[in-house]
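Protein chains in written order, with this note's numbering: chain U, 14 to 345; chain P, 19 to 256.
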Amino acid sequence: MDVFLQQLINGLTLGCVYAVVALGYTMVYGIIQLINFAHGEVVMIGAMVAFSVIVALNGSGVPPPLIVALGVLAAIPICMAVGYSVEKVAYRPLRNAPRLAPLITAIGVSIILQHVALLIWGRNYISFPQIIPNETYHLTSSATSATITNIQIAIIVLSIAMMVGLVLLVYKTRIGIAMRAVSQRPDVAGLMGISSNNVISFTFVIGAGLGAIAGVMIGSYYGIAHYQMGFMLGLKAFCAAVLGGIGNLAGAVLGGILIGLIEAFGAGYMGDLTNVCTLDKFLPGFTALCEANNNMAVFGSSYKDVFAFIVLILVLVFRPQGLLGERVADRA
Amino acid sequence: MSLLTLSDVKISYGGIQAVKGINISVAEGELVTLIGANGAGKTTTLKAISGMLKPYTGRITYDGKEIAGKPAHEIAQMGLALVPEGRGVFPGLTIEENLLMGAYHRRDKVAIAQDIEVAYTRFPRLKERAKQTAGTLSGGEQQMLAISRALMSRPKMLLLDEPSMGLAPIMVQKIFEVVREVAAQGMTILLIEQNAKLALQVSHRAYVMDGGLVSFEGRSADLLHDPRVREAYLGEAA
């Protein structure tokens, strides 16, 4: 039971990060039907910038929570500027091009951003400074019970706050209503005096801002950063957005949390479930081997990355519109 | 003085020259109609005025400024509001949000709220459904919403593209009552309509378009009795 509870907490934490990143994918898709594959790199840049600020200020006498806050505050505008520029330079000229063109461009932008980061921060894994001491809390008085750390609590609380903030922005503000108007009828939005270009830029900027914070969260959680970290994270968040129904905000949150949970439980139980020694009854041939070592898992937790993609394949086969998406005719 | 002038405007649309050099002018406070068969170039003309299409030659002057080729949102901000063909409501936005989008470039929150009330008084149906999404409305209700939304920008001039299209006769009557009412308050209106008789009855002047050109123009009352117009557009024997 403790393993279950522990993986639930881990999965929820990870799922919150995926959800925040998936929101960036789904917002952009909702407004211009583009899968912005460079979004994962924006998240990576957020982590890297925060890392640089934290390292520079560490030991300068500034209190650690303030240093982390400054790292986040530096990462947000830089990521926003990257998101804005990418849209303006790479995607806007292709606004009326066939859909494959911006998609391939997005992959190109992703590679460019990775290599810019490689030039700035190098090719090695960077250990993210843990300047706020990691505190672990047991959920019950038992010393073997499931635990939650202060970082996990911070990630979950901050993610929920950002999701609520985004929903308020999109459903309650003038610019938010305009975002939905542009996504539904871009031609008519112009007749209302709405500049679609400005609204699209705004969407990229907000998505990048969320991505920056997600980058700092994932960096702090794993304690490492790397110029390629955005690639796998971005793909998983993309899977999450598709699982929930791409273009749908609630879907991105649901998909993100589900992918996080599936991955955590998969990683937690995969070893036990594929341990040939537990299958001894059916496969007597392993008896001798298992006497020496009774943990002969075929697949270990290092296979955790496959789950998001298994989910992606299942969704595409059985419910291509996603859990909360509606089946709509392709607008091309 | 003329508020809107098109001089020698030619527009290509999808590789076809849909408008082949037309001259149209609308004076302040006038209700002018543009009638003609399907494919005569009426909608294309309106799209060019509102900035959705760019004419390849000719001048479009609005309120003393050249607007041909300007982006749609800039033209809208100058006080020229188009109610597009097929109504063009935002289907996933509520009635209220649609109206708010009509007032997008206004900042006077109090006056915007007042104008929403004016719209609700004009069309009580919209008030009943204020929190419903526009996609759930009937065609007639969507047309009410589209016209109200255009008026939310407090435009100087209103362009209406086929407001009667696909509506039940009783709804057409209601919509045209409102067009009359708005015109009587001094709004300048350019109306495109396939129902030529109705259009000529409400308007001051009319242009008849045929094959991308203006074939007749004149006072609506005269055109109503013109044998050529009667035969070709009013479905009556000359």
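Idealized CB from N, CA, C, for every residue including glycine.
Buried or exposed (CB count within 10 angstroms, at least 16 for buried), U:Y150: What you label residue 150 of chain U is simply residue 137 of the first sequence in a count that begins at 1. Per the 10 Å Cβ criterion, exposed.
Does any CB atom of chain U fall closer than 8 Å to the CB of P:L155? Taking the first residue of the second sequence as 1, we reach residue 155 of chain P at position 137. Chain U, which has no Cβ nearer than 8 Å to the Cβ of P:L155, makes this no.
Identify the contact partners of U:M192 in chain P, using a Cβ-Cβ distance below 8 Å as the criterion. Taking the first sequence and counting its residues from 1, one reaches residue 192 of chain U at position 179. Neighbours of U:M192 on chain P: none; closest Cβ ~11 Å, over 8 Å.
Assigned exposure category for P:P181 - 16 Cβ within 10 Å defines buried: Taking the first residue of the second sequence as position 1, residue 181 of chain P is located at position 163. With 16 or more other CB atoms across the displayed protein chains lying within 10 angstroms of its CB, P:P181 is buried.
Between the Cα of U:V201 and those of P:K83, P:L49, P:G120 and P:N56, spot the shortest distance and give me the residue it belongs to. The residue labelled residue 201 of chain U in the question sits at position 188 within the first sequence. The shortest C-alpha separation from U:V201 is found at P:G120.
Local conformation of U:A342 per DSSP, three classes: The count along the first sequence starts at 1 and reaches residue 342 of chain U at position 329. Model confidence at U:A342 stands at a pLDDT of 47, short of 50, so the residue's coordinates are unreliable and nothing is read from them.
For U:M40, would you say it is in contact with chain P, using Cβ-to-Cβ distances shorter than 8 Å as the test? Numbered from its first residue, the first sequence carries residue 40 of chain U at position 27. No, U:M40 does not count as interfacial toward chain P.
Output needed in chain order: residues of the stretch 191-212 of chain U with a Cβ under 7 Å from some Cβ in chain P. A191, R193, A194, Q197, R198, D200, V201, G203, L204, M205, G206, I207 and S208
Name, please, each residue of chain U whose Cβ falls closer than 8 Å to the Cβ of P:M119. Position 101 of the second sequence, counted from the first residue, corresponds to residue 119 of chain P. Going along chain U in sequence order, the residues near P:M119 (Cβ under 8 Å) are I190, A191, A194, A202, M205 and I207.
Opening and closing residue of the beta strand (DSSP E) in which P:L231 lies: For the purposes of this step, residue 231 of chain P is identified with residue 213 of the second sequence, where counting begins at 1. Looking at the DSSP string, the run of the beta strand (DSSP E) that includes P:L231 is L231 to R237.
If distances are taken between C-alpha atoms only, which option among U:V33, U:P333, U:N308 and U:V81 comes closest to U:T291? Taking the first residue of the first sequence as position 1, residue 291 of chain U is located at position 278. Answer by Cα proximity: U:N308.
Partner residues on chain U for P:Y122, Cβ-Cβ distance less than 9 Å: Numbered from its first residue, the second sequence carries residue 122 of chain P at position 104. Under the 9 Å cutoff, chain U gives R187, I190, A191, A194, A202, M205, G206 and I207.
Does the Cβ of U:S73 have 16 or more other Cβ atoms within 10 Å, making it buried, or fewer, making it exposed? In the first sequence, residue 73 of chain U corresponds to position 60, counting from 1. Taking a 10 Å sphere around the C-beta of U:S73, we find fewer than 16 other C-beta atoms and assign the residue as exposed.
Assign P:N116 to one of two classes, buried (16 or more other C-beta atoms within 10 Å of its C-beta) or exposed (fewer than that). For the purposes of this step, residue 116 of chain P is taken as residue 98 along the second sequence, with counting starting at 1. Per the 10 Å Cβ criterion, buried.
Answer with yes or no whether the minimum CB distance from P:Q95 to chain U is below 8 Å. In the second sequence, residue 95 of chain P corresponds to position 77, counting from 1. Interface residue, yes.
Assigned secondary structure, U:H52 (DSSP; H/G/I helix, E/B strand, else coil): The sequence position of residue 52 of chain U within the first sequence is 39, counting from 1. Reduced to three states, the DSSP call for U:H52 is helix.
Can you name, in chain order, every residue of its own chain whose Cβ lies under 6 Å from the Cβ of P:E12, other than the five neighbours on each side? Limits of chain P in this structure are 19 at one end and 256 at the other, which puts residue 12 of chain P out of reach.
Which runs of the alpha helix (DSSP H), 4 residues or longer, sit entirely within the stretch 37-76 of chain P? Taken in chain order, the complete alpha helix (DSSP H) segments of 4 or more residues contained in the stretch 37-76 of chain P are 60-68.
So for U:I133, helix, strand or coil by DSSP? Numbered from its first residue, the first sequence carries residue 133 of chain U at position 120. Looking at U:I133 - three-state DSSP - the assignment turns out to be helix.
Look at the alpha carbon of P:G82 and the alpha carbon of U:V34, and state the distance between them as a whole number of angstroms. The residue you call residue 82 of chain P lines up with position 64 of the second sequence. The residue you call residue 34 of chain U lines up with position 21 of the first sequence. Looking at the two C-alpha atoms, the distance is approximately 49 Å.
Taking only beta-carbon atoms, is P:A343 less than 8 Å away from chain U? The first residue shown for chain P is 19 and the last is 256, placing residue 343 of chain P beyond what the model contains.
With 16 other Cβ atoms within 10 Å as the buried cut-off, status of U:Y184: Within the first sequence, the letter at position 171 stands for residue 184 of chain U. So U:Y184 counts as exposed.
Give the range of the alpha helix (DSSP H) segment to which P:D126 is assigned. Translated into positions along the second sequence, residue 126 of chain P becomes position 108. First-last for P:D126: undefined, no H or E at that position.
Using the beta-carbon of each residue, which ones in chain U are nearer than 7 Å to P:P102? Here residue 102 of chain P refers to the residue found at position 84 of the second sequence. Correct list: V201 and L204.
Check the Cβ of P:G87 against every Cβ in chain U and list those closer than 8 Å, keeping chain order. By one-based count along the second sequence, residue 87 of chain P stands at place 69. By Cβ distance, chain U contributes nothing, its closest Cβ being about 14 Å from P:G87, past 8 Å.
Give the DSSP bridge partners of P:E211, in chain order. Stepping through the second sequence from its first residue, residue 211 of chain P is reached at position 193. According to DSSP, which records beta bridges pairwise, P:E211 is partnered with P:I53.
CA nearest to the CA of U:S315, picked from U:V328, U:L336 and U:A280: Here residue 315 of chain U refers to the residue found at position 302 of the first sequence. Nearest option by C-alpha distance: U:A280.
Length of the line joining the Cα atoms of P:L100 and P:G236: Here residue 100 of chain P corresponds to residue number 82 of the second sequence, with the count starting at 1. Here residue 236 of chain P corresponds to residue number 218 of the second sequence, with the count starting at 1. One C-alpha to the other measures close to 24 Å.
So, does the stretch 242-250 of chain U touch the stretch 26-41 of chain U, judging by three or more C-beta pairs under 8 Å? Yes: at least three Cβ pairs fall under 8 Å.
Which of helix, strand or coil DSSP assigns to U:I144: Mapped onto the first sequence, residue 144 of chain U falls at position 131. Three-state DSSP puts U:I144 in coil, outside helix and strand.
By how many angstroms is the C-alpha of P:N213 removed from the C-alpha of U:V55? Here residue 55 of chain U refers to the residue found at position 42 of the first sequence. Here residue 213 of chain P refers to the residue found at position 195 of the second sequence. Roughly 55 Å separates the two Cα atoms.
Can you find a CB in chain U that lies within less than 8 Å of the CB of P:F234? Residue mapping note: residue 234 of chain P aligns to position 216 of the second sequence, counting from 1. Not one chain U Cβ lies under 8 Å of P:F234.
Could you name each continuous alpha helix (DSSP H) segment of 4 residues or more that falls completely within the stretch 210-280 of chain U, going from the start of the chain to the end? 242-257
Could you check what DSSP says for U:S98 in three-state terms: helix, strand or coil? The residue given as residue 98 of chain U occupies position 85 in the first sequence. Helix at U:S98.
Taking DSSP as the reference, what is the three-state secondary structure of P:E84? Translated into positions along the second sequence, residue 84 of chain P becomes position 66. If DSSP states are grouped into helix, strand and coil, P:E84 belongs with the strands.
Under 8 Å, Cβ to Cβ, is there at least one residue of chain U near P:G229? For the purposes of this step, residue 229 of chain P is taken as residue 211 along the second sequence, with counting starting at 1. Output row for P:G229: interface = no.
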